[in-house]
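Working notes, beginning with the structure itself.
Numbering (my numbering), first residue to last: 21 to 126.
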C-alpha cells in the first residue's frame with residue numbers, strides 16, 4: 021500500500037522524501053503493541069493462584085496417602101482447570117486467530 025502511494029506521488033511529480041522519512045521513522049519504532057487484556061483476566065488470575073497452591077500440594081503429596089481434606093481440595097483442581105478454560109474461551113474475540121489469542125492468554 022505504501023509502495024503504491026509512493027509510485028503515485030512520483031507519477032504526479034511530487035516529492036517523496038517526507039513519505040520515505042516517515043516510513044523509516046515508523047519502521048524504527050520497536051515498541052510492540054500490547055494486546056488487549058482478557059475480558060475475565062482478574063478471575064483467571066485468581067483461579068491460577070488457587071491452582072498453583074493445589075499443584076504444590078499435589079507435588080508434596082507424591083507417594084503418601086492424603087487426608088480427607090487434602091483429597092477434597094485436590095478434587096477441585098479439575099473444576100478450576102475447566103473454569104479457566106471456559107473463561108479464556110469467553111474472553112476470545114470473534115475474529116481473533118489462535119496465535120493472537122494465545123499471546124493474550126500468556
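Don't be surprised by glycine CBs; every beta carbon is placed ideally from N, CA and C.
The structure presented is a predicted model; accordingly, all values stated were derived computationally and were not measured.
Considering only the beta carbon of each residue, do residue i and residue j sit closer than 8 Å?
i           : j           : result
residue 64  : residue 107 : yes
residue 90  : residue 77  : yes
residue 183 : residue 103 : Absent from the model: residue 183. The displayed extent of the chain is 21 to 126, so no value can be given.
residue 75  : residue 93  : no
Would you mind working out which of the options sits nearest residue i, comparing C-alpha positions?
i           : options              : result
residue 135 : 59, 86, 66 and 100   : Examination of residue 135 is not possible in this model, given that the chain is present from 21 through 126 alone.
residue 61  : 109, 114, 88 and 115 : 109
Helix, strand or coil: how does DSSP classify residue i here?
i           : result
residue 101 : helix
residue 87  : coil
residue 40  : helix
residue 35  : coil
residue 81  : coil
residue 47  : helix
residue 30  : helix
residue 69  : helix
If contacts are defined as beta-carbon pairs under 8 Å, then residue i and residue j qualify, I think. What distance do you get, rounded to the angstrom?
i          : j           : result
residue 36 : residue 29  : 5 Å
residue 70 : residue 100 : 6 Å
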